[in-house]
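Colleague: Chains as they are written, first to last, in our numbering: chain S, 125 to 236; chain G, 28 to 140.
The structure follows.
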Amino acid sequence: DQQVKQNSPSLSVQEGRISILNCDYTNSMFDYFLWYKKYPAEGPTFLISISSIKDKNEDGRFTVFLNKSAKHLSLHIVPSQPGDSAVYFCAASAVGSYQLTFGKGTKLSVIP
Amino acid sequence: DAGVIQSPRHEVTEMGQEVTLRCKPISGHDYLFWYRQTMMRGLELLIYFNNNVPIDDSGMPEDRFSAKMPNASFSTLKIQPSEPRDSAVYFCASSQGNNSPLHFGNGTRLTVT
């Protein structure tokens, strides 16, 4: 039973446009959410996070939105750049837990 | 900060052999995690340690898998005997806890033939 779902395995976007990556979760105990980026042959690297007490967190070109009632979060990248091409993982942890549950990832391709 | 260091980067072995994966976490990080990535199941948590003590090993698939952390700067994940279905990329990660993000190593790609 997947508790964190990324339903789009892949996404292609033109350079300069907005990339929107989506993530849904089922566990109502999750209270902390993160996005990781992964290049081939490397480990995932932390990108941005959001606590359940917020509905938006922004860091430069990256913004994460959280809709708790819908159990949905999204990552917006604007403007998208070719270097953003990677696999993006959504992850979540529950109250009092240090374990992260990951989605299966979305492969983003930014076309020059 | 050298980051999390894993060795070897690639391991090819025959079914039935023992495999040992190694990890050096970031200095000062109290938490160490072992994850496995496969196409079918994505990134799965196998086990994690806090201050060198295993806290949750419920993700370890079978008794063939074991993990140790003899000190704050070293951990091993051992598979004995290995099977073809163990083929995957194994990641080690460390963190300071308290909702601080995990820092991953570059992984060990294991192929069991």
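We put the beta carbon where it would ideally sit given N, CA and C, even for glycine.
Note that the structure is predicted; figures quoted are calculated from it, not measured.
Of the residues S:His196, S:Ile144, S:Leu232, S:Ser209, which one's Cα is nearest the Cα of Ala215 (chain S)?
Modeller: Comparing Cα-Cα distances from Ala215 (chain S) to each of S:His196, S:Ile144, S:Leu232, S:Ser209, the minimum goes to S:His196.
Colleague: Output needed for Gly167 (chain S): all residues of its chain with C-beta closer than 6 Å, excluding positions within five of it in sequence on either side, in chain order.
Modeller: None.
Colleague: Nearest CA to the CA of Pro108 (chain G): which residue from G:Ile32, G:Thr140, G:Ser34?
Modeller: The candidate whose alpha carbon is nearest that of Pro108 (chain G) is G:Thr140.
Colleague: Leu158 (chain S): which of G:Thr138, G:Gln44, G:Asn126, G:Met66 sits nearest, CA to CA?
Modeller: Of the candidates G:Thr138, G:Gln44, G:Asn126, G:Met66, the one whose C-alpha sits nearest the C-alpha of Leu158 (chain S) is G:Asn126.
Colleague: Given a limit of 8 Å on CB to CB distance, which residues of the stretch 101-121 of chain G reach chain S?
Modeller: The stretch 101-121 of chain G vs chain S, Cβ under 8 Å: Phe118, Ala120.
Colleague: Report all residues from its chain with a CB closer than 8 Å to the CB of Pro17 (chain G); omit the five preceding and five following residues, and keep chain order.
Modeller: Outside the modelled stretch of chain G, which goes from 28 to 140, sits residue 17 (chain G), for which no answer is possible.
Colleague: Rounded to whole angstroms, what is the Cα-Cα separation between Ser132 (chain S) and Leu104 (chain G)?
Modeller: For Ser132 (chain S) and Leu104 (chain G), the distance between alpha carbons rounds to 32 Å.
Colleague: Listed in chain order, which residues of the stretch 162-195 of chain S have Cβ atoms closer than 8 Å to some Cβ of chain G?
Modeller: Residues Ala165, Glu166, Gly167, Pro168, Thr169, Phe170, Ser173, Ser175.
Colleague: With a 10 Å radius around its C-beta and 16 neighbouring C-beta atoms as the bar for buried, classify Thr225 (chain S) as buried or exposed.
Modeller: Thr225 (chain S) should be labelled buried.
Colleague: Taking 8 Å as the cut-off, decide whether the C-beta atoms of Phe92 (chain G) and Ile106 (chain G) are in contact.
Modeller: Yes, Cβ-Cβ distance for Phe92 (chain G) and Ile106 (chain G) is below 8 Å.
Colleague: What number of angstroms, rounded off, separates the C-alpha of Ile74 (chain G) from the C-alpha of Tyr222 (chain S)?
Modeller: If I take the Cα positions, the gap works out to 11 Å.
Colleague: For a cutoff of 8 Å on Cβ pairs, would you count Asn126 (chain G) as touching chain S?
Modeller: True, the Cβ-Cβ gap to chain S drops below 8 Å.
Colleague: Can you pull the chain S neighbours of Asn133 (chain G), defined as C-beta to C-beta under 9 Å?
Modeller: Chain S residues near Asn133 (chain G): Ala165, Glu166, Gly167.
Colleague: Across which residues does DSSP place Leu199 (chain S) in a beta bridge pair?
Modeller: DSSP, once it has assigned bridges, lists S:Leu145, S:Val188 as partnering Leu199 (chain S).
Colleague: Suppose you measure from the CA of Phe60 (chain G) to the CA of Phe76 (chain G); what does that come to, to the nearest Å?
Modeller: Roughly 6 Å between the two C-alpha positions.
Colleague: Find the residues of chain S that neighbour Asp90 (chain G), judging by a C-beta separation of less than 8 Å, and give them in chain order.
Modeller: Chain S residues near Asp90 (chain G): none, gap ~21 Å exceeds 8 Å.
Colleague: Applying the 10 Å Cβ sphere with the 16-neighbour rule, what's the burial state of Met96 (chain G)?
Modeller: Buried, since its Cβ has 16 or more Cβ neighbours within 10 Å.
Colleague: Which of the three DSSP states is assigned to Arg136 (chain G) in this structure?
Modeller: If DSSP states are grouped into helix, strand and coil, Arg136 (chain G) belongs with the strands.
Colleague: Of all the options S:Gln205, S:Val128, S:Phe154, which has the alpha carbon lying nearest to the alpha carbon of Cys147 (chain S)?
Modeller: It is S:Val128.
Colleague: Give the DSSP-derived three-state secondary structure of Pro142 (chain G) in the structure shown.
Modeller: This structure does not reach residue 142 (chain G), given that chain G is present from 28 up to 140, and the question cannot be answered.
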